[in-house]
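These notes are about the structure you will find just below.
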Amino acid sequence: MERCRTDWRMYLNNWLQGRYGNTRRLSWYSEPSGPPHDTRWVAIAYFDGIEYGRGIARDKGTAMEIAAEATYRALTAQ
């Protein structure tokens, strides 16, 4: 069953809680760019200060979901 695209932050947080007992090692950076009528958000997920996921989308939440998916996949593949 494919996970819903909007659940990646939850899956990442749940995995981190289960593996490390907390989510303190995860941090986020997000920033809008472009004109107001065509704004793009960049969201970057860091684990232990290392970039593991990056997302770019028209809204901040979607950009964070994309970054969370990349981070989840990278961390669980190790």
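Per this note's numbering, the very first residue in the sequence shown carries number -14; after that it's consecutive. Cβ atoms here follow ideal geometry from the backbone N, Cα and C, with glycine treated the same way.
Check: Helix, strand or coil at R(-6) according to DSSP, with G and I counted as helix; Outcome: helix
Check: Three-state secondary structure (DSSP) of G46; Outcome: helix
Check: CB contact check: G34 to chain B, cutoff 8 Å; Outcome: No chain B appears in this structure, which consists of one protein chain only.
Check: Span separating the alpha-carbon of D23 from that of A48; Outcome: 15 Å
Check: Limits of the beta strand (DSSP E) - the one that P17 falls within; Outcome: L11 to S18
Check: Cβ pair G34, A53 closer than 8 Å; Outcome: no
Check: 8 Å Cβ cutoff met for T56 and A28; Outcome: no
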